[in-house]
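Undergrad: Using numbering that gives the first Met the number 0, the first residue of the sequence shown is number 0, and each one after it goes up by one.
Could you have a look at this structure, given as C-alpha coordinates, before my questions?
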Amino acid sequence: MDLRVPEDANRDFVAGAFVVEKQRVLFLNHKKYGVWLQPGGHIESRETPDECAIRETLEETGIEIEIIGANTELDDSFDLPQPLNVNLHQVDEHHWHCDFQYLGRLVDEIEDQEYAEENIRWFSREELENKDLNMPENARRTALKALDCVLENKRK
(Lines of atoms letter the chains of each structure in order from A and count residues from 1; the text may use other names and numbers.)
(Lines give C-alpha, C1' and ligand atoms only; values in the text may rest on other atoms or scores of the structure.)
Protein backbone atom coordinates (compact mmCIF):
# COMPACT_ATOMS: atom_id res chain seq x y z
CA MET A 1 0.00 0.00 0.00
CA ASP A 2 1.34 3.42 -0.98
CA LEU A 3 1.09 5.78 2.02
CA ARG A 4 2.07 8.84 0.03
CA VAL A 5 -0.49 11.54 -0.64
CA PRO A 6 -1.14 11.66 -4.40
CA GLU A 7 0.55 14.55 -6.23
CA ASP A 8 -2.75 16.13 -7.30
CA ALA A 9 -4.25 16.00 -3.79
CA ASN A 10 -4.37 18.66 -1.08
CA ARG A 11 -2.91 17.78 2.29
CA ASP A 12 -3.77 19.65 5.47
CA PHE A 13 -2.26 19.31 8.91
CA VAL A 14 -4.85 18.89 11.65
CA ALA A 15 -4.74 18.09 15.35
CA GLY A 16 -7.11 16.85 18.01
CA ALA A 17 -7.32 15.39 21.47
CA PHE A 18 -8.54 12.16 22.98
CA VAL A 19 -9.67 13.55 26.33
CA VAL A 20 -9.93 10.96 29.10
CA GLU A 21 -11.91 11.51 32.30
CA LYS A 22 -13.26 8.83 34.67
CA GLN A 23 -12.24 6.07 32.23
CA ARG A 24 -14.30 7.62 29.45
CA VAL A 25 -13.26 9.41 26.25
CA LEU A 26 -14.81 12.61 24.91
CA PHE A 27 -16.31 12.56 21.40
CA LEU A 28 -18.56 14.77 19.37
CA ASN A 29 -20.95 13.90 16.61
CA HIS A 30 -19.34 15.57 13.60
CA LYS A 31 -21.92 17.78 11.86
CA LYS A 32 -20.51 17.31 8.35
CA TYR A 33 -19.74 13.58 8.46
CA GLY A 34 -22.37 12.33 10.93
CA VAL A 35 -19.93 10.13 12.87
CA TRP A 36 -18.43 10.29 16.35
CA LEU A 37 -14.95 11.89 16.29
CA GLN A 38 -12.54 13.34 18.80
CA PRO A 39 -12.46 17.15 18.97
CA GLY A 40 -9.98 18.62 16.50
CA GLY A 41 -9.42 20.67 13.40
CA HIS A 42 -6.99 22.48 11.14
CA ILE A 43 -3.74 23.83 12.56
CA GLU A 44 -3.70 27.60 12.16
CA SER A 45 -0.78 29.76 11.13
CA ARG A 46 1.85 30.10 13.90
CA GLU A 47 0.09 27.43 15.99
CA THR A 48 1.72 24.21 17.15
CA PRO A 49 -0.24 20.96 16.85
CA ASP A 50 -0.71 20.66 20.64
CA GLU A 51 -2.01 24.25 20.82
CA CYS A 52 -4.46 23.42 18.03
CA ALA A 53 -5.77 20.37 19.92
CA ILE A 54 -6.40 22.50 23.02
CA ARG A 55 -8.07 25.33 21.07
CA GLU A 56 -10.25 23.05 18.95
CA THR A 57 -11.46 21.10 22.00
CA LEU A 58 -12.49 24.33 23.72
CA GLU A 59 -14.17 25.70 20.58
CA GLU A 60 -16.06 22.52 19.79
CA THR A 61 -17.05 21.38 23.28
CA GLY A 62 -16.57 24.32 25.66
CA ILE A 63 -14.23 22.13 27.71
CA GLU A 64 -10.76 23.38 28.67
CA ILE A 65 -8.06 20.72 28.49
CA GLU A 66 -4.33 20.31 28.78
CA ILE A 67 -2.19 17.94 26.79
CA ILE A 68 -0.53 15.16 28.74
CA GLY A 69 3.17 15.66 28.15
CA ALA A 70 4.98 18.95 28.42
CA ASN A 71 6.97 21.15 26.07
CA THR A 72 10.68 20.89 26.84
CA GLU A 73 12.79 23.99 26.34
CA LEU A 74 16.22 23.26 24.90
CA ASP A 75 19.06 25.67 24.05
CA ASP A 76 17.42 27.32 21.06
CA SER A 77 14.49 25.02 20.36
CA PHE A 78 11.56 23.21 21.94
CA ASP A 79 10.51 19.58 21.98
CA LEU A 80 6.73 19.54 21.69
CA PRO A 81 4.56 16.98 23.51
CA GLN A 82 4.60 13.67 21.72
CA PRO A 83 1.30 12.78 20.05
CA LEU A 84 -0.52 9.67 21.17
CA ASN A 85 -0.93 8.85 17.47
CA VAL A 86 -0.40 10.41 14.04
CA ASN A 87 -2.95 9.40 11.44
CA LEU A 88 -3.08 9.99 7.69
CA HIS A 89 -6.53 9.68 6.17
CA GLN A 90 -8.36 10.63 3.01
CA VAL A 91 -11.17 13.14 3.50
CA ASP A 92 -12.39 13.01 -0.09
CA GLU A 93 -10.99 12.20 -3.52
CA HIS A 94 -8.42 15.03 -3.56
CA HIS A 95 -8.10 15.96 0.12
CA TRP A 96 -6.04 14.29 2.84
CA HIS A 97 -5.42 15.06 6.52
CA CYS A 98 -2.26 14.39 8.49
CA ASP A 99 -3.73 14.28 12.01
CA PHE A 100 -1.67 14.79 15.18
CA GLN A 101 -3.73 13.10 17.91
CA TYR A 102 -2.92 13.97 21.54
CA LEU A 103 -3.87 12.56 24.91
CA GLY A 104 -5.67 15.21 26.93
CA ARG A 105 -7.17 15.71 30.36
CA LEU A 106 -9.56 18.24 31.85
CA VAL A 107 -8.15 21.38 33.43
CA ASP A 108 -11.10 21.53 35.85
CA GLU A 109 -13.46 18.82 37.00
CA ILE A 110 -16.91 18.89 35.42
CA GLU A 111 -20.25 17.45 36.37
CA ASP A 112 -21.67 14.83 34.01
CA GLN A 113 -24.92 16.72 33.51
CA GLU A 114 -23.03 19.86 32.43
CA TYR A 115 -22.20 18.22 29.10
CA ALA A 116 -25.30 16.22 28.33
CA GLU A 117 -25.59 17.83 24.89
CA GLU A 118 -26.82 15.63 22.08
CA ASN A 119 -23.68 16.07 19.97
CA ILE A 120 -21.10 15.74 22.79
CA ARG A 121 -20.67 12.45 24.63
CA TRP A 122 -18.28 10.54 26.87
CA PHE A 123 -17.76 6.90 25.80
CA SER A 124 -16.71 4.07 28.13
CA ARG A 125 -14.39 1.24 27.08
CA GLU A 126 -17.37 -1.08 26.71
CA GLU A 127 -19.14 1.36 24.40
CA LEU A 128 -15.98 1.91 22.34
CA GLU A 129 -15.53 -1.83 21.90
CA ASN A 130 -18.96 -2.03 20.24
CA LYS A 131 -18.22 -2.29 16.51
CA ASP A 132 -21.74 -1.05 15.69
CA LEU A 133 -20.88 2.40 17.07
CA ASN A 134 -20.93 5.00 14.26
CA MET A 135 -17.24 5.87 14.56
CA PRO A 136 -14.23 5.45 12.26
CA GLU A 137 -12.08 2.48 13.23
CA ASN A 138 -8.95 4.63 13.65
CA ALA A 139 -10.77 6.86 16.16
CA ARG A 140 -12.07 3.83 18.10
CA ARG A 141 -8.62 2.23 18.19
CA THR A 142 -6.89 5.42 19.34
CA ALA A 143 -9.55 6.07 22.02
CA LEU A 144 -8.94 2.59 23.45
CA LYS A 145 -5.19 3.29 23.34
CA ALA A 146 -5.81 6.54 25.26
CA LEU A 147 -7.72 4.66 27.96
CA ASP A 148 -4.88 2.11 28.20
CA CYS A 149 -2.28 4.90 28.55
CA VAL A 150 -4.17 6.59 31.36
CA LEU A 151 -4.71 3.26 33.14
CA GLU A 152 -1.02 2.40 32.78
CA ASN A 153 0.03 5.80 34.21
CA LYS A 154 -2.23 5.27 37.24
CA ARG A 155 -0.50 1.97 37.97
CA LYS A 156 2.92 3.64 38.13
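Ideal Cβ placement from N, Cα and C applies to all residues, glycine included.
These numbers come from a predicted model, not from an experiment.
(1) My output table needs one value for isoleucine 53: the three-state DSSP class, helix, strand or coil.
(2) Kindly give me the distance between the Cβ atoms of asparagine 137 and histidine 88, rounded to whole angstroms, as I take these residues to be in contact under 8 angstroms.
(3) For valine 34, which of helix, strand or coil comes out of DSSP?
(4) What are the partner residues of aspartate 20, as DSSP defines its beta bridges?
(5) Taking only three categories from DSSP, how would you classify glutamate 63?
(6) So, are the CB atoms of isoleucine 119 and threonine 60 less than 7 angstroms apart?
TA: Reading it off the structure:
(1) It is helical.
(2) About 7 angstroms; that satisfies the 8 angstroms criterion.
(3) Coil.
(4) Per the sequence shown, residue 20 should be read as glutamate rather than aspartate. Secondary-structure assignment with DSSP links glutamate 20 through a beta bridge to Arg23.
(5) Looking at glutamate 63 - three-state DSSP - the assignment turns out to be coil, as it is neither helix nor strand.
(6) Against a cut-off of 7 angstroms, the Cβ pair of threonine 60 and isoleucine 119 comes out as a contact.
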